[in-house]
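Enquirer: In numbering that gives the first Met the number 0, the protein residues as written are 0 to 241.
Below you will find the structure I want to go over with you.
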Amino acid sequence: MDIGKELDTGGYEEAYLADVLRFKMKREGKRFWAGDNISDYVDEFHMDQLIDEAREAFELVLDRLLIDRETDPNSQGTARRLAKMYFNEIMAGRYEQSPNATAFPNDSEGKYDGMLVVRSELKSMCSHHHQPVSGVAYIGIIAGPKLIGLSKYSRIAQWCARRGTLQEELCMDIAREIEFATGSTDVAVYIQATHGCCENRGIMAHSSLTQTTVLRGAFKDDAGTKKEFFDNIKLQQEFAPR
Ligand SMILES: [Zn+2]
0 MDIGKELDTG GYEEAYLADV LRFKMKREGK RFWAGDNISD YVDEFHMDQL IDEAREAFEL
60 VLDRLLIDRE TDPNSQGTAR RLAKMYFNEI MAGRYEQSPN ATAFPNDSEG KYDGMLVVRS
120 ELKSMCSHHH QPVSGVAYIG IIAGPKLIGL SKYSRIAQWC ARRGTLQEEL CMDIAREIEF
180 ATGSTDVAVY IQATHGCCEN RGIMAHSSLT QTTVLRGAFK DDAGTKKEFF DNIKLQQEFA
240 PR
């Protein structure tokens, strides 16, 4: 099997590239939970092979579900479509490097020291049932030493969301990455989302809306800052196009 050059197999020959990478992460103590980014271990040149290995595994799942993928025309390419969708779309944030957020210094005479609240659409997937999670994140920040482009907040949020997540963890992941990209320690994230696993199964609650909030720095310690953040969210919800 050609699993690409420069791949440290640790001296073991594995049948699947996914196993080589998995064992490598285990040996090096790298966590690879559904919500973790593992882009340091997965390169672009691995992708075709990983997708093909997942295709083979999804074929087995369809077989075990007693779905005739040989004569049912709608199920013929399903295993490959699922494999591509997981790697390239719904879990892409696990395999892609962090969005490159160019930071601009915010230290001039008339620097901006107010609050910024950015609204970002979120598409994610719950790691318990692999059902869609859909909603919106409001990211609040008191401008620190660096500013990043407005679209970068959404890119970072979406990069965190395109994984198997729990809403609580997603909220903390976004806060951490925004802190990292901006150097600000005053960061807040509020997420409102509906969960396919509540709507499509189990309790079938069609209006299941879950809210989570992470408050750091001034958002946590200063009542006025906290109130301004939630007032801004209300204003956005009233006036923003849905
Ligand atoms: Zn779920």
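Where a beta carbon is used, it is the ideal one built from N, C-alpha and C, also for glycine.
Under 8 angstroms Cβ to Cβ from GLY143, same chain only, skipping five residues before and after it: list those, please.
Expert: ASN105, THR181, GLY182, SER183, THR184 and ASP185
Enquirer: Shortest alpha-carbon distance to VAL117 belongs to which of GLU27, GLU58 and GLN157?
Expert: GLN157
Enquirer: Just the Cα atoms here: how many angstroms apart are ASP220 and VAL213?
Expert: ASP220 and VAL213 have their alpha carbons spaced roughly 12 angstroms apart.
Enquirer: Helix, strand or coil, according to DSSP, for ASP1 in the structure here?
Expert: Confidence in ASP1 is poor, its pLDDT being 49 and thus under 50, which makes the residue's placement unreliable; the coordinate value appears in the next sentence. Three-state result, ASP1: coil.
Enquirer: Nearest to ILE242 by CA position, among SER153, PHE238 and THR101, is which residue?
Expert: No statement about residue 242 is possible, as the shown extent of the chain runs from 0 to 241 and does not include it.
Enquirer: Would you kindly work out how many angstroms separate the C-alpha atoms of ALA82 and LEU59, rounded to a whole number?
Expert: 12 angstroms
Enquirer: For HIS127, which of helix, strand or coil comes out of DSSP?
Expert: coil
Enquirer: Relative to ligand 1, what is the chain-ordered list of residues with a Cβ closer than 5 angstroms to any of its non-hydrogen atoms?
Expert: CYS125, HIS127, HIS128 and CYS196
Enquirer: Measure the Cβ-Cβ separation of LEU146 and PHE179 and say whether it is below 8 angstroms.
Expert: no
Enquirer: Which same chain residues, not among the five before or five after ARG21, have their C-beta less than 8 angstroms away from its C-beta?
Expert: PHE31
Enquirer: If you drop the 5 nearest sequence neighbours on each side, which residues of the same chain put their C-beta closer than 8 angstroms to that of GLU237?
Expert: none
Enquirer: Kindly indicate the opening and closing residues of the beta strand (DSSP E) around TYR189.
Expert: 186 to 194
Enquirer: In chain order, what residues of the same chain have a beta carbon less than 7 angstroms from the beta carbon of ARG93, not counting five sequence neighbours either side?
Expert: ASP35, ASN36, ILE37 and ARG162
Enquirer: Once DSSP output is grouped into helix, strand and coil, what is the label at LEU64?
Expert: coil
Enquirer: Answer yes or no: do ILE140 and LEU115 have a C-beta to C-beta separation smaller than 8 angstroms?
Expert: yes
Enquirer: I need the straight-line Cα distance from GLY134 to VAL19, nearest angstrom please.
Expert: 36 angstroms
Enquirer: Expressed to the nearest angstrom, what Euclidean distance is found between the alpha-carbon atoms of GLN48 and PHE86?
Expert: 11 angstroms
Enquirer: Kindly list the residues whose CB is nearer than 8 angstroms to the CB of ILE155, restricted to its own chain and excluding five residues on each side of it in sequence; keep chain order.
Expert: Listed in chain order, the non-local C-beta contacts of ILE155 below 8 angstroms within the same chain comprise SER97, PRO98, ALA100, ILE173, GLU176, ILE177 and ALA180, local neighbours out to five positions each way being set aside.
Enquirer: Quick one: what's MET114 bridged to in DSSP?
Expert: ILE141
Enquirer: Which same chain residues, not among the five before or five after HIS127, have their C-beta less than 7 angstroms away from its C-beta?
Expert: Cβ-Cβ distances below 7 angstroms link HIS127 to CYS196 in the same chain, with the five nearest sequence neighbours on each side left out; the list follows chain order.
Enquirer: Checking contacts by CB at 8 angstroms: is GLY139 closer than that to chain D?
Expert: The chain labelled as chain D is not found in the depicted structure, where only one protein chain is given.
Enquirer: How many Å lie between ALA187 and SER74 at the Cα?
Expert: Distance between the alpha carbons of ALA187 and SER74 is about 44 angstroms.
Enquirer: Quick one: give me the first and last residue of the alpha helix (DSSP H) that LEU20 is part of.
Expert: That run of the alpha helix (DSSP H) goes 16 to 26.
Enquirer: Enumerate in chain order the residues of its own chain whose CB-to-CB distance from MET171 is below 7 angstroms, with the five nearest sequence positions on each side excluded.
Expert: Taken in chain order, the residues that qualify are VAL213.
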